[in-house]
Ligand code: TYD
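In my numbering, the protein residues as written are 148 to 358.
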């Protein structure tokens, strides 16, 4: 049995990643792969409850970080690792990069603290590929403004998202093999085509091309 691949989607709120998560999962399934589609914070009953808290309660930045990593540890241990071990592909809407940029660059927590939490929450687990949806924060804010009810993050000021976006750019620059930048301003079909082309390559790298 070939091993599964771990694919994550990242970007500031409104950058347009979410609809492509399902698209990527469907594309992989159409190639005969067993795919688990999930999200963070979330993906287990406990982690979904933590998500509800994080998106609604006012809290200190460290409280927020501890909660998203608690949710992540539960999700990784109960869902992500078992799925990968079974040979499934895991397609996840957000992962630890979100914590580095939202809790780190956005809220101001130290990178070393977040690195420590990540090392404890999911030792040795890193996505095989991360699609980073890059869109200028002002444009992303216009898209979010159309949504019915904004959560705690979506209600943040532009300056917060400027810091978060800069954080993503730094990660993409530091890890060019893992992180692929997607131009969030491109039409839907072009974004989907770019992801599908890249996934084709990834299947070969991960060793599932003949699955
Ligand atoms: P998101 O995944 O964008 O869901 P929706 O499309 O329903 O708004 O929202 C989750 C929010 O949680 C998003 O604003 C970013 C935030 N978040 C963190 O701050 N840290 C994290 O580690 C994760 C996974 C998410």
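Glycine is no exception: its CB is placed at the ideal position from the N, C-alpha and C atoms.
Since the structure is predicted, the reported quantities are computational estimates derived from the model, not experimental observations.
Which residues does DSSP pair with residue 160 in a beta bridge?
Residue 160 pairs with nothing; no bridge assigned.
When you compare only the Cα positions, how much space is there between residue 316 and residue 292?
23 Å
Is the beta carbon of residue 258 sitting closer than 9 Å to the one on residue 242?
no
Touching or not, the region 218-228 and the region 187-207, by the rule of three or more beta carbon pairs under 8 Å?
yes
Just to check, is the beta-carbon of residue 196 closer than 8 Å to a non-hydrogen atom of the ligand TYD?
no
What is the DSSP secondary structure of residue 203, counted as helix, strand or coil?
Here residue 203 sits in helix by DSSP.
Indicate whether the contact test is met: 3 or more Cβ pairs, each with one atom in the region 274-284 and one in the region 203-215, closer than 8 Å.
no
9 Å Cβ cutoff met for residue 298 and residue 203
Using a Cβ distance threshold of 9 Å, residue 298 and residue 203 count as a contacting pair.
Please determine, among 339, 250 and 327, the residue with the shortest C-alpha to C-alpha distance to residue 300.
250
Evaluate contact between the region 262-270 and the region 174-194, counting only Cβ atoms and requiring at least three cross-stretch pairs below 8 Å.
Not touching, per the Cβ criterion.
Classification of residue 128 by the beta-carbon crowding that lies within 10 angstroms, buried from 16 upward:
The chain is shown only over 148 to 358; residue 128 falls outside these bounds and no answer can be derived.
Would you decide whether residue 186 is buried or exposed? Buried here means 16 or more other CB atoms lie within 10 Å of its CB.
buried
Can you tell me whether residue 364 sits near the ligand TYD, meaning its C-beta is under 8 Å from at least one heavy atom of the ligand?
Any property of residue 364 remains undetermined from this structure, which presents the chain solely from 148 to 358.
Consult DSSP for residue 327 and reduce its assignment to one of helix, strand or coil.
Three-state result, residue 327: strand.
Identify the continuous alpha helix (DSSP H) that holds residue 315 and give its terminal residues.
305-321
For residue 335, does the count of other Cβ atoms within 10 angstroms reach 16, so buried, or fall short, so exposed?
By the neighbour-count rule (16 or more Cβ atoms within 10 Å), residue 335 is not buried but exposed.
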